[in-house]
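Enquirer: Under our numbering, the first residue of the sequence shown is numbered 174, with each subsequent residue one higher.
Virtual Cβ for every residue (Gly too), placed ideally from N, Cα, C.
Supplied in structure tokens, the structure appears directly below.
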Amino acid sequence: MLSNVTPPAPEGAAIASAAKLIGAAHRPLILVGGGAKRAEAPLRRLAERLGAPVVQTTNARGLLHGHPLCVPASPSLKAVRALMADADLVIAAGTEFGPTDYDGYSDGGFVLPANLIRIDIGADQLARRPATVSIQADCAEALEALLLETGHVRASEGGSSRAAAIRKTAFAELNPTLQAQVRAVEMIRDTLPGALIVGDSTQPIYAANLYYDHDRPGGWFNAATGFGALGYGPPAAIGAALAIPDAPVVCLTGDGGFQFTLPELGAALDARAPVIFIVWNNRGYREIGTSMLDVGVEPVGVSPAPPDFCKLAEAYGIGAERLADIDALADALKRARATGLPRVIEITVD
Numbered sequence: 174m175l176s177n178v179t180p181p182a183p184e185g186a187a188i189a190s191a192a193k194l195i196g197a198a199h200r201p202l203i204l205v206g207g208g209a210k211r212a213e214a215p216l217r218r219l220a221e222r223l224g225a226p227v228v229q230t231t232n233a234r235g236l237l238h239g240h241p242l243c244v245p246a247s248p249s250l251k252a253v254r255a256l257m258a259d260a261d262l263v264i265a266a267g268t269e270f271g272p273t274d275y276d277g278y279s280d281g282g283f284v285l286p287a288n289l290i291r292i293d294i295g296a297d298q299l300a301r302r303p304a305t306v307s308i309q310a311d312c313a314e315a316l317e318a319l320l321l322e323t324g325h326v327r328a329s330e331g332g333s334s335r336a337a338a339i340r341k342t343a344f345a346e347l348n349p350t351l352q353a354q355v356r357a358v359e360m361i362r363d364t365l366p367g368a369l370i371v372g373d374s375t376q377p378i379y380a381a382n383l384y385y386d387h388d389r390p391g392g393w394f395n396a397a398t399g400f401g402a403l404g405y406g407p408p409a410a411i412g413a414a415l416a417i418p419d420a421p422v423v424c425l426t427g428d429g430g431f432q433f434t435l436p437e438l439g440a441a442l443d444a445r446a447p448v449i450f451i452v453w454n455n456r457g458y459r460e461i462g463t464s465m466l467d468v469g470v471e472p473v474g475v476s477p478a479p480p481d482f483c484k485l486a487e488a489y490g491i492g493a494e495r496l497a498d499i500d501a502l503a504d505a506l507k508r509a510r511a512t513g514l515p516r517v518i519e520i521t522v523d
């Protein structure tokens, strides 16, 4: 019987059945979600043993950073879907197959793999998306069990080259504007290694959810998955800073979303939470406006006049600066981090 109360240890029969499928596979693929973010070590060993590319959903970013088998790209992209279609076995660990990750364009193009091993801690998830073999267990425990059972398996050929090809074609799927936004996020990562980047629903977050390789498991999470609630970023970032005080914490929010929870600036100061609030100021709800245009609707109510965010920050006693050039962001981040206090960096974009 499946239960969510106390997830069982991996069932021996299920592990044996999964190992048999793995042994027969020539083009295996691993999909990982947020449920696998504490299973990096066994995930790495299994991926290397099988020669299997590892596709990450949004909440799994940071796993296997920079690894030749890492594919930090959304399953909503055509290139990633082609990789899944070409695989003769898919191992899905800790992923719900949610629509914001797998059908982000609402085109209905995602097809559940025919030969699927599914690992999840939740019985309800396994029942919702039946698999060839379902394993209810903590991801780390299940992956360790599979490693014990697949010691005889040889790595399939070309796994790293398959992953490299998909990384290239997946990034090329993004238009130049999206690519530039991803590079802005990469600048944050490279300037503040090991940072927790907490996102609101804003353009660079959506762009990086499509393609971005974070450097810390669990260090990339945002409101653009699920319901996409505006205003989530600031309070979530404060919580992250209090939970992991040694890590740099960046809240990346838009000018529209930031106004939903502006009073959190005061909370950050009171808590001495050194969150760096980056306000991506495109003067409106640009992501919503673009979505309206995409479906042939005349944009309405998406261009509110933004306030002066630097003056608002200063009214709370928080330092702030405004950038007109994204290339100045790295130095601004270093200055903000050095203060040890909350700080606002406003970036004005077209």
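Consult DSSP for residue 249 and reduce its assignment to one of helix, strand or coil.
Expert: Taking the sequence shown and counting its residues from 1, the one referred to as residue 249 is at position 76. Coil, per DSSP.
Enquirer: Answer yes or no: do residue 436 and residue 424 have a C-beta to C-beta separation smaller than 8 Å?
Expert: The count along the sequence shown starts at 1 and reaches residue 436 at position 263. The count along the sequence shown starts at 1 and reaches residue 424 at position 251. No, they are not a contact pair.
Enquirer: How many angstroms separate the CA atom of residue 246 from the CA atom of residue 361?
Expert: In the sequence shown, the residue the question calls residue 246 occupies position 73. In the sequence shown, the residue the question calls residue 361 occupies position 188. The straight-line gap from Cα to Cα measures roughly 18 Å.
Enquirer: Taking the C-alpha atoms as reference points, what is the distance between residue 488 and residue 439?
Expert: Residue 488 sits at position 315 when you count from the first residue of the sequence shown. Residue 439 sits at position 266 when you count from the first residue of the sequence shown. Their backbone Cα atoms lie some 10 Å apart in a straight line.
Enquirer: Would you check if there are 3 or more beta carbon pairs closer than 8 Å linking the stretch 414 to 430 to the stretch 352 to 371?
Expert: yes
Enquirer: Rounding to the nearest angstrom, what Cα-Cα distance links residue 493 and residue 219 in this structure?
Expert: The residue given as residue 493 occupies position 320 in the sequence shown. The residue given as residue 219 occupies position 46 in the sequence shown. Distance between the alpha carbons of residue 493 and residue 219 is about 46 Å.
Enquirer: Can you say whether residue 307 is buried or exposed, counting buried as having 16 or more other CB atoms within 10 angstroms of its CB?
Expert: Position 134 of the sequence shown, counted from the start, is the residue given in the question as residue 307. Residue 307 comes out buried.
Enquirer: Once the 5 residues before and after residue 192 are set aside, which same chain residues still bring their CB inside 6 Å of it?
Expert: Taking the first residue of the sequence shown as position 1, residue 192 is located at position 19. Closer than 6 Å at the Cβ level, and outside the excluded window around residue 192, lie 322, 323.
Enquirer: Counting Cβ pairs closer than 8 Å, one from the stretch 373 to 385 and one from the stretch 289 to 298, do we hit at least three?
Expert: no
Enquirer: Quick check: what's the CA-CA separation for residue 402 versus residue 330?
Expert: Counting from one through the sequence shown, the residue named residue 402 turns up at place 229. Counting from one through the sequence shown, the residue named residue 330 turns up at place 157. So the alpha carbons of these two residues sit roughly 43 Å apart.
Enquirer: Using DSSP's beta-bridge definition, name the partner residues of residue 419.
Expert: The count along the sequence shown starts at 1 and reaches residue 419 at position 246. Beta-bridge annotation (DSSP): residue 419 is not paired with any residue.
Enquirer: Is residue 482 helix, strand or coil when you go by DSSP?
Expert: Within the sequence shown, the letter at position 309 stands for residue 482. Three-state result, residue 482: helix.
Enquirer: Look at the alpha carbon of residue 240 and the alpha carbon of residue 229, and state the distance between them as a whole number of angstroms.
Expert: In the sequence shown, the residue the question calls residue 240 occupies position 67. In the sequence shown, the residue the question calls residue 229 occupies position 56. If you take the alpha carbons of residue 240 and residue 229, they lie about 12 Å apart.
Enquirer: For residue 276, which three-state DSSP category applies?
Expert: Position 103 of the sequence shown, counted from the first residue, corresponds to residue 276. It is coil, neither helix nor strand.
Enquirer: Determine the contact status of residue 304 and residue 262, defining contact as a CB-CB distance below 8 Å.
Expert: To locate residue 304, count along the sequence shown from 1; it is residue 131. To locate residue 262, count along the sequence shown from 1; it is residue 89. Result no, Cβ atoms of residue 304 and residue 262 do not sit closer than 8 Å.
Enquirer: Would you kindly work out how many angstroms separate the C-alpha atoms of residue 385 and residue 355, rounded to a whole number?
Expert: In the sequence shown, residue 385 corresponds to position 212, counting from 1. In the sequence shown, residue 355 corresponds to position 182, counting from 1. Each residue's Cα considered, the two are about 7 Å apart.
Enquirer: Can you check the stretch 296 to 368 for any beta strand (DSSP E) of at least 3 residues that lies completely inside it and give the ranges in chain order?
Expert: 306 to 309
Enquirer: Excluding five sequence neighbours on each side, which residues of the same chain lie with their C-beta closer than 7 Å to the C-beta of residue 461?
Expert: Counting from 1 along the sequence shown, the entry for residue 461 is found at position 288. So the qualifying residues of the chain are 475.
Enquirer: Is the Cβ-Cβ distance between residue 328 and residue 267 less than 8 Å?
Expert: Mapped onto the sequence shown, residue 328 falls at position 155. Mapped onto the sequence shown, residue 267 falls at position 94. Cβ atoms of residue 328 and residue 267: not closer than 8 Å.
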